[in-house]
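Protein chains: 2
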Amino acid sequence: ELASELGERLAAGPLAGCRVTITAGPTREPIDPVRVLSNRSSGRMGFAVAEAARAAGARVTLITGPVALPTPAGVERVDVETAAEMHAAVLARLASTDLFIGVAAVADYRPAEVMVHKLKKGAETLELRLTRTPDILAEVSAHRPRPFCVGFAAETESVVEHARAKLVAKQLDLIAANRVGDGLGLEVEDNALDVLWDGGQCRLERGPKTELARHLIQLIAKRYALARGAHSPSTKA
Amino acid sequence: ELASELGERLAAGPLAGCRVTITAGPTREPIDPVRVLSNRSSGRMGFAVAEAARAAGARVTLITGPVALPTPAGVERVDVETAAEMHAAVLARLASTDLFIGVAAVADYRPAEVMVHKLKKGAETLELRLTRTPDILAEVSAHRPRPFCVGFAAETESVVEHARAKLVAKQLDLIAANRVGDGLGLEVEDNALDVLWDGGQCRLERGPKTELARHLIQLIAKRYALARGAHSPSTKA
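From first to last, the protein sequence lines are chains A and B. Going by this note's numbering, the first residue of the first sequence is number 183, and it counts up by one from there. Going by this note's numbering, the first residue of the second sequence is number 183, and it counts up by one from there.
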């Protein structure tokens with residue numbers, strides 16, 4: 183009872199009462215029992231966003247690929263390995279998600295076949311056949327009813343243009359884009375974000391991921407409140 | 183002076199004065215700025231072996247791929263990412279290595295081409311052309327003069343047979359083999375090892391990697407002393 187009272191008291195802030203599902207980290211796609219296909223991602227940005235959402239009053243579920251990070255206090259954590267496992271974990275929570283933030287660097291290709299036994303070294307070259315994984319963010323966005331959808335885009339070039347195209351193509355409510363490389367973005371403490379939505383955009387200058395995450399959550403909460411005011415029947419009751 | 187005196191006092195034990203180079207962890211082969219090809223490996227076994235070698239009096243250099251582990255006290259650490267970087271770091275230290283222990287799960291294939299910009303999602307399937315990386319252990323073993331060479335083998339089947347074949351093919355002095363899968367070997371605390379050499383073998387039963395590493399170093403030190411007694415002119419002086 184005390185814990186639930188404390189929970190209620192903590193649940194003040196711009197996302198009070200909002201059920202947020204966040205994905206973080208890389209996924210890992212097995213080639214054989216030893217070899218994997220993966221993405222560079224420490225999970226730091228996703229974990230920082232989860233912590234900031236919790237601090238803003240949200241009830242947060244963090245679905246994460248393999249990372250070496252402690253779970254933020256008050257956040258429910260679900261560990262997964264592959265894109266397929268992350269996809270299943272997100273879908274299982276879709277009905278109880280008001281706001282979805284896809285920060286994970288999900289592998290978009292996986293080996294077409296997984297070998298049961300370890301591949302033996304042999305030929306000088308080898309062809310690895312890859313096949314597409316499900317696009318979790320696009321699927322969540324296309325679902326009806328759908329949560330408020332926030333995506334992330336890591337780009338090496340034409341960052342804002344690529345992010346704007348992704349916002350439109352996947353019909354997201356908001357997208358946060360960052361340049362990767364040059365000591366920014368992946369596996370480092372610092373980041374910088376361009377945040378885009380239909381009709382607006384905002385630049386969050388280079389800073390620690392924890393700080394950027396707090397600013398991003400403020401922006402998301404504002405857009406979320408506007409969207410909920412415009413679309414949700416519950417606010418008109 | 184105090185530090186060097188302390189160093190000398192610490193350098194008692196079966197590997198006193200021995201310069202040991204150990205590789206640990208996975209390597210990561212870039213496909214593009216985000217995607218990588220890698221191996222499952224926490225680096226725990228290699229780090230435990232480095233710690234045990236140091237405790238046995240050795241001067242230890244630990245060349246490691248990307249892992250989330252603290253450096254053992256008194257061990258010199260060199261961080262690398264790709265098989266090519268690990269290869270170069272090992273070769274650079276070869277002239278000052280008396281004993282080489284290759285624990286790293288080195289990627290034996292890497293993408294034939296690395297894309298400068300992030301690959302865009304497109305086709306449903308994709309062919310990734312891979313090419314062999316240098317075999318660090320075989321190269322160290324073939325070098326003249328050569329250090330005492332210890333290899334590791336992670337196998338899913340016919341563990342001892344595969345390890346014996348590798349011992350012979352690469353002309354190693356000793357090999358430690360473990361079964362992967364079933365909660366053993368990779369990314370877990372526990373392991374079990376079959377240790378093989380020319381004319382003998384020994385089973386180290388399931389236990390924590392730190393404990394196995396201590397037993398393994400005792401075995402290695404014994405074989406190393408025998409080999410040095412048999413081959414090194416310095417012991418005959």
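No residue lacks a Cβ here, since even glycine has one placed at the ideal position from N, Cα and C. Please read these numbers as outputs of a predicted model, since none were measured by experiment.
| query | result |
| --- | --- |
| Chain-order list of residues whose beta-carbon lies under 6 Å from that of A:R226 (same chain, five-residue window excluded) | K391 |
| Closest residue to B:T209 among B:K404, B:S220, B:G382 (Cα-Cα distance) | B:S220 |
| Beta-carbon proximity of B:R201 to B:T279, cut-off 9 Å | yes |
| Within-9 Å CB hit, A:V257 to chain B | no |
| DSSP three-state assignment for B:S340, whether helix, strand or coil | coil |
| Secondary structure of A:L251, DSSP reduced to three states | coil |
| N-terminal and C-terminal residue of the beta strand (DSSP E) that A:S220 is part of | 217-221 |
| C-alpha distance - A:P252 paired with A:R259, whole-angstrom precision | 10 Å |
| Beta-carbon contacts of A:A289 that lie in its chain and below 7 Å, excluding the five residues immediately before and after | T209, E211, L219, S220, N221, A265, T315 |
| Bridge partners - B:F156, DSSP secondary structure assignment | Since the first and last residues shown for chain B are 183 and 419, residue 156 of chain B lies out of range. |
| Touching by the beta-carbon criterion (3+ pairs, under 8 Å), the region 325-336 of chain B and the region 280-287 of chain B | yes |
| Neighbour-count burial assignment, A:G411, 16 or more Cβ in a 10 Å radius | exposed |
| Within chain B, partners of A:L219 - CB distance below 9 Å | I213, R217, V218, L219, S220, L310 |
| 9 Å Cβ cutoff, B:Y406 in contact with chain A | no |
| B:T152: contacting residues in chain A (beta-carbon distance under 9 Å) | Nothing about residue 152 of chain B can be reported from this structure: the residues present for chain B run from 183 to 419 only. |
| Coarse secondary structure for B:R226, derived from DSSP in three states | helix |
| Whole runs of the beta strand (DSSP E) within the region 257-324 of chain A, excluding any shorter than 3 residues | 258-261, 281-284, 291-293, 307-314 |
| Contacts that B:T313 makes with chain A (C-beta to C-beta distance below 9 Å) | E306, T307, L308 |
| Check whether B:I399 and B:P196 have beta carbons under 9 Å apart | yes |
| Neighbour flag for A:A336 against chain B, beta carbons, 9 Å | yes |
| Beta-carbon proximity of B:T203 to B:P329, cut-off 9 Å | yes |
| Simplified DSSP assignment, three categories, for B:Q383 | strand |
| Where the beta strand (DSSP E) containing B:P212 begins and where it ends | 210-212 |
| Own chain, CB closer than 6 Å to A:A345, minus 5 neighbours either side, in chain order | A335, I357, A359, L378 |
| Proximal residues, the region 244-256 of chain B versus chain A, C-beta separation under 8 Å | A250 |
| Whether A:M268 touches A:I213 by CB criterion (9 Å) | no |
| Where B:E387 meets chain A, residues with beta-carbon distance less than 8 Å | By Cβ distance, chain A contributes nothing, its closest Cβ being about 22 Å from B:E387, past 8 Å. |
| Within chain B, the residues that A:A374 reaches when beta carbons sit closer than 9 Å | Per Cβ cutoff of 9 Å: no residues; A:A374 is ~16 Å from chain B at best. |
| Boundaries of the beta strand (DSSP E) in which A:L354 is found, first to last residue | No beta strand (DSSP E) contains A:L354, which DSSP labels as neither H nor E. |
| Identity of the residue in B:A374, B:R241, B:V298 nearest B:G389 by Cα | B:A374 |
| Under 8 Å (Cβ pairs) to chain B, residues found in the region 327-352 of chain A | A336, E337, T338, E339 |
| Local conformation of B:V377 per DSSP, three classes | strand |
| Paired residues, beta bridge with B:L244 - DSSP | B:I204, B:R259 |
| Classification of A:R326 by the beta-carbon crowding that lies within 10 angstroms, buried from 16 upward | exposed |
| Any C-beta of chain B under 9 Å from that of A:K418 | Reliability of the predicted coordinates at A:K418 is poor, the pLDDT of 37 falling under 50, and the value obtained from them is presented with this limitation in mind. So, not an interface residue. |
| Residues near A:K418 by beta carbon distance below 8 Å, same chain, minus five either side | Annotation note: pLDDT 37 at A:K418 (below 50); position unreliable, coordinate value reported separately. Excluding positions up to five away in sequence, the list is empty. |
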